[in-house]
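Contents: one structure, followed by commentary.
Residue numbers (this note's numbering): 2 to 390.
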């Protein structure tokens, strides 16, 4: 059928209006004799959809304005229901509580002018995630006290229960009392998700490249984090914390009486030796990296990771031990008097001396003057070297 207005020919016989121009057809003319139906047209054509589109746009704008007003009032807390839902979904997917905090963020092409800028961006990264944690004033107070007392820019125990956070704080308090000269090197202590559940309970990471890692040092200063990470699989799940630590490691792996929380003393033991190493090379930290210190820090880190620094400490401790006790232990035998972990070797059967030192510190934390004689010799060297700095 042809439209009598625009002459298009493929109008269906049962159409009331032309699909091309919107004018009524012969059938439509009869349809529009009804007064009610006639309101649908204007000057013989169907009313366009502009009005409906305008209504939809208006509703959209009202929705956007409403969202902006609510966000300005509630801020990121507006998303808390989604945060709670995500935690529940993650719990169902993994079968246990996980951390919602991200510790592996990286930033590029950021202007960092000095050490304070470096610290501020580390704080900002965690602060912007804080809204997704359960808000607990007592937990925040624990975090604040650790930060303030030990010059640690950011402590994040997001969703750790108060009782567990208090236990962790006691470990940190005791360690800084035993080694009062170690302030200023750590950037953060944070709950996180390890790559696998068994990867670690707690971990000391001397350097995590955080800001401008892919950028030329001639154009951008860089920022590193020196951090202790707590595996959420253990520290957010009561079922794990209620079990002895031997449920995941063999007997005598750690020093006697080790607990989930005391492994943090082991990690701080790594930090103690790292602080000594840095200070003996006239550095307090490796947080703010510039063109002038980039090469020095890079070379120092490679040397520290080579095991030589820690190995020399353990060798000196062994010499003192054998002399005092009239023994002739070798390095590995000496280390294993502390714990199995302390005697860990690499693929070349060379002692991983940094673990020996960390376990000696772990022993000192747990047993004080009742620590193993081998641990005592290591601790004596650590304290002596720290006191000279």
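By construction, the Cβ of each residue, glycine as well, lies at the ideal position given by its N, Cα and C atoms. Here the structure is a predicted model, which is why all the values come from computation and not from measurement.
Of the listed residues the options, nearest to residue i (C-alpha basis)
i           : options               : result
residue 387 : 274, 152 and 341      : 274
residue 106 : 130, 114 and 116      : 130
residue 213 : 207, 205, 206 and 223 : 223
residue 110 : 320, 253 and 220      : 220
residue 261 : 355, 312, 165 and 317 : 165
residue 279 : 187, 198 and 364      : 187
residue 127 : 389, 197, 226 and 289 : 226
residue 184 : 323, 150 and 216      : 150
residue 316 : 379, 372, 148 and 26  : 379
residue 152 : 174, 136 and 137      : 174
Distance CB(residue i)-CB(residue j) smaller than 7 angstroms
i           : j           : result
residue 360 : residue 339 : yes
residue 202 : residue 232 : yes
residue 123 : residue 154 : yes
residue 238 : residue 97  : yes
residue 382 : residue 290 : no
residue 194 : residue 100 : yes
residue 295 : residue 218 : yes
residue 169 : residue 140 : no
residue 365 : residue 376 : yes
residue 161 : residue 192 : yes
residue 352 : residue 332 : yes
residue 205 : residue 272 : yes
residue 277 : residue 287 : no
Buried or exposed (CB count within 10 angstroms, at least 16 for buried), residue i
i           : result
residue 304 : exposed
residue 245 : exposed
residue 348 : exposed
residue 343 : buried
residue 145 : exposed
residue 125 : exposed
residue 336 : buried
residue 49  : Below a pLDDT of 50, predicted positions are generally treated as unreliable, and residue 49, at 49, falls in that range; the measurement from the model is reported next regardless. Answer is exposed; the Cβ neighbour count stays below 16.
residue 319 : buried
residue 77  : Only weak support exists for where residue 77 lies, its pLDDT of 49 falling under 50; the value from the coordinates is given anyway. Under this definition residue 77 is an exposed residue.
residue 258 : exposed
residue 311 : buried
residue 357 : buried
residue 7   : exposed
Beta-bridge pairing of residue i - partner residues as DSSP gives them
i           : result
residue 155 : 189
residue 204 : 230
residue 224 : 212 and 289
residue 346 : 352
residue 108 : 212
residue 271 : The partner list for residue 271 (beta bridge, DSSP) is empty, contrary to what the question assumes.
For residue j and residue i, believed in contact at Cβ under 8 angstroms, the rounded distance
i           : j           : result
residue 362 : residue 263 : Going by Cβ atoms, the distance from residue 362 to residue 263 rounds to 11 angstroms, so no, they are not a contact pair.
residue 367 : residue 249 : With 8 angstroms as the limit, residue 367 and residue 249 do not qualify as a contact, their Cβ atoms being about 18 angstroms apart.
residue 229 : residue 268 : 5 angstroms
Distance cut-off 6 angstroms: residue i Cβ against heavy atoms of the ligand FMN
i           : result
residue 290 : Inclusion of the ligand FMN in the displayed structure is not the case, the ligand content being empty and no account of it being possible.
is_contact[residue i, chain B] using C-beta, thresh 7 angstroms
i           : result
residue 360 : The structure shown has no chain B; it contains just one protein chain.
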